[in-house]
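In my numbering, the protein residues as written are 122 to 297.
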């Protein structure tokens, strides 16, 4: 439709109308492609626009900070599982919709203090802790700590983990 052709003084009104329609179609196509890459349709929830992962409502009793997790772990003697997530992280959103809603996972996590640490912004306390203290670079970062809050990096997972992988990590931490 001539969306990317140069407009000159001699360009007819019909050509200008076609060019305008071409520009609209090109923009619409780009939006559809971006929505597809992000893992949703135009009518679905785009991960970047659809609220935070912490609002996922998985049935897991999340605390929002490592400080709260450490206090609860000291009180209960349970190890800590921390999900370092970001709202822009597609694998994080996928885990929220699948893994963290699985009844077996929810049951297994009852043996842990569970923290959901927001790393959406690189200057947030969670992101700084993940990057500088834990030296983790991938998202999501699924971290384990003993009941004293000491990191257990050998059990932690960088990147997406399906239900079976995640359950195996939970069992390994509990049996150590």
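C-beta: ideal position from N, C-alpha, C; glycine also.
All figures in this text were calculated on a predicted structure; none of them were measured in a lab.
query: Residue 127 - DSSP class collapsed to helix/strand/coil; result: coil
query: Through-space distance from residue 205 to residue 254, alpha-carbon basis; result: 13 Å
query: Proximity of residue 215 and residue 276 at Cβ, strictly below 8 Å; result: no
query: Residue from 293, 197, 209 and 234 whose Cα sits closest to the Cα of residue 182; result: 234
query: Start-to-end residues for the beta strand (DSSP E) that takes in residue 226; result: Looking at the DSSP string, residue 226 is not in any beta strand (DSSP E); the run it does join, the alpha helix (DSSP H), is 224 to 229.
query: Span of the beta strand (DSSP E) around residue 255; result: No beta strand (DSSP E) contains residue 255, which DSSP labels as neither H nor E.
query: Three-state class that DSSP yields for residue 217 in the structure shown; result: helix
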